[in-house]
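Let me begin by presenting the structure, written as structure tokens, before commenting on it.
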Amino acid sequence: MSIHGNYTKEKVTFDSHGDLIVGDVYKPSSAGPFPTIIILGPYSFQKEQAPTQYATRLADEGYLTLVFDPRTVGESSGLPRRLENPKMKNEDVISAIQYALTLTDVNPNQIYLLGICQGGPQMLDIASYEDKVKAVASITGYYRDHETDLFMIAAGVTENPFDTTQTPSISELETLYVKRIQRAKEAKTLYENTGEVIYHPLVSPELGDRVNGALVGLPGPLVWSWYGAWTMKGWENRYAIMSDLDHFAYSTVSGIAKLNKPALIVHSDMCMNPASARRHYDSIPTHDKKLIWENDTHHFQYYEQPDIVDRTVGYISNWFKSHTQ
1 MSIHGNYTKE
11 KVTFDSHGDL
21 IVGDVYKPSS
31 AGPFPTIIIL
41 GPYSFQKEQA
51 PTQYATRLAD
61 EGYLTLVFDP
71 RTVGESSGLP
81 RRLENPKMKN
91 EDVISAIQYA
101 LTLTDVNPNQ
111 IYLLGICQGG
121 PQMLDIASYE
131 DKVKAVASIT
141 GYYRDHETDL
151 FMIAAGVTEN
161 PFDTTQTPSI
171 SELETLYVKR
181 IQRAKEAKTL
191 YENTGEVIYH
201 PLVSPELGDR
211 VNGALVGLPG
221 PLVWSWYGAW
231 TMKGWENRYA
241 IMSDLDHFAY
251 STVSGIAKLN
261 KPALIVHSDM
271 CMNPASARRH
281 YDSIPTHDKK
291 LIWENDTHHF
301 QYYEQPDIVD
311 RTVGYISNWF
321 KSHTQ
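Residues in the sequence shown are numbered from 1 upward in steps of one, following full-length UniProt numbering.
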């Protein structure tokens, strides 16, 4: 355990479907039990990235926070390594909730979920079926519908996917999508038959071409602007390409349409597919929801830019504090 001003940090482990999950608990120095926030990060995240930026600040606000490496990533176990499977991550969140409820400093009636980027809509999805969740917040979400997946494909072949005059046509994007799924199918068949895992880089500053797409999970300068720095800090820049089967098969549309928990969404015109974020928000049936729209905040600024994270933590803390009863 280490002491950091108003909170302590402790490395913890727990089981998720037979694998060992490694995480960090940030606990306020005041007396508990504490309202508790489980945090899920962006696509391919490790706990030291965006989740820790939010965990430390929210611990300062009086919340016990738990961040963790999902299965196959970072310090956690699981094979094949670097498999990106959102359903597995959802299962890991449920395991994290169950673990948190064993801690004496956790208030079992105040369990909250927070997700950043892909983790945001996943947390909304989980809150739609997990009774122990009191309220949920989604920040700069990668809202999982087919249109947004095509936006992701477009980001890999054009300098600015927000500029529709530059992006390929829908039919071209659909063709690139099919090629990517086919590569993933072939990779999974190879793994099932031989145990060999095909890996590609996860990020690269180079764009793919409009005929074959990209051989990188999240290619192009837009994504590299944030992930690139982490490649020089020991973050593992690869992913199992068969992951695309599970990744693109997952949608948050139906789950969020059933969400009856208090829900906060923070997004902007400069985040991933703003139209999808609004559609998801509108589909949430509960009246106890809030949309904060910031026109000029870029998607990746929400990850770790200090002033943006500070401001966003204020939104989150106020939202959860207003749902303590």
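Where a beta carbon is used, it is the ideal one built from N, C-alpha and C, also for glycine.
- For secondary structure counted as the beta strand (DSSP E) over 3 or more consecutive residues, the region 259-308 holds these complete runs in sequence order: 263-267 and 289-293.
- If you look at Gly120, you'll find it in the alpha helix (DSSP H) that goes Gly119 to Ala127.
- Taking a contact as a CB-CB distance under 8 Å, the pair Tyr7 and Pro28 counts as one, their CB atoms being some 5 Å apart.
- Contact between Ala59 and Tyr26 is confirmed by a C-beta separation of about 4 Å, below the 8 Å threshold.
- Residues of the same chain with a CB within less than 6 Å of the CB of Val309, apart from the 5 flanking positions on each side, are Gln53 in chain order.
- When Cβ pairs closer than 8 Å are counted between the two stretches, the region 292-301 is seen not to touch the region 102-111, the count staying below three.
- With contacts defined as CB atoms closer than 8 Å, Leu176 and Val157 qualify as a contacting pair.
- Cβ contact annotation for Leu20 (same chain, cutoff 7 Å, sequence separation greater than five): Thr13, Ser76 and Ser77, in chain order.
- Taking the Cα of Asn85 as reference, the smallest distance to any Cα among Ala100, Ala184 and Tyr315 is reached at Ala184.
- Secondary structure of Ile111 (DSSP, three-state): strand.
- Check the Cα spacing between Val253 and each of Gly141, Tyr315 and Thr324: the tightest is with Gly141.
- One alpha carbon belongs to Pro51, the other to Ile39, and they sit about 6 Å apart.
- Taking all protein chains in view, the Cβ of Ala31 is surrounded by fewer than 16 other Cβ atoms within 10 Å, so the residue is classified as exposed.
- Counting along the chain, the unbroken alpha helix (DSSP H) around Pro51 starts and ends at Ala50 to Asp60.
- The Cβ-Cβ distance between Lys134 and His323 falls below 8 Å.
- By DSSP's assignment, Glu84 forms no beta bridge with any residue.
- Around Asn90, the same chain offers Gln122, Asp125 and Ile126 as residues with beta carbons nearer than 8 Å, after the five sequence neighbours per side are excluded.
- Look at Lys321 here: in three-state DSSP terms it is helix.
- The beta carbon of Pro285 is closer than 8 Å to those of Ala257, Lys258, Leu259 and Asn260 in its chain, skipping five residues each way along the sequence.
- Around the beta carbon of Leu79, fewer than 16 other beta carbons lie within 10 angstroms, which makes this residue exposed.
- CA-CA distance, His247 to Asp269, rounds to 24 Å.
- Runs of the alpha helix (DSSP H) lying entirely within the region 136-207 and spanning at least 4 residues, in chain order: 146-155 and 170-194.
- If you look at Gly213, you'll find it isn't in any beta strand (DSSP E); DSSP assigns it neither H nor E.
- Residues of the same chain with a CB within less than 7 Å of the CB of Val67, apart from the 5 flanking positions on each side, are Gly23, Asp24, Ile39, Lys47, Pro51, Thr52 and Ala55 in chain order.
- As the crow flies, the alpha-carbon of Ala96 is around 32 Å from that of Leu222.
- Contact between Arg279 and Tyr199 does not hold, since the beta-carbon distance rounds to 34 Å and is not under 8 Å.
- Beta-bridge partners assigned by DSSP to Lys27: Thr8.
- Between Val216 and Ser204, the C-beta spacing is below 8 Å.
- Taking the C-beta atoms as reference points, Ile153 is found no nearer than 8 Å to Gly220.
- With contacts defined by Cβ atoms closer than 8 Å, Phe320 and Pro35 form a contacting pair.
- The three-state secondary structure of Ile94, taken from DSSP, is helix.
- Comparing alpha carbon positions, the residue from Ile139, Phe45, Glu61 and Asn318 closest to Glu236 is Phe45.
- At a Cβ-Cβ threshold of 8 Å, Ser251 and Arg180 do not count as neighbours.
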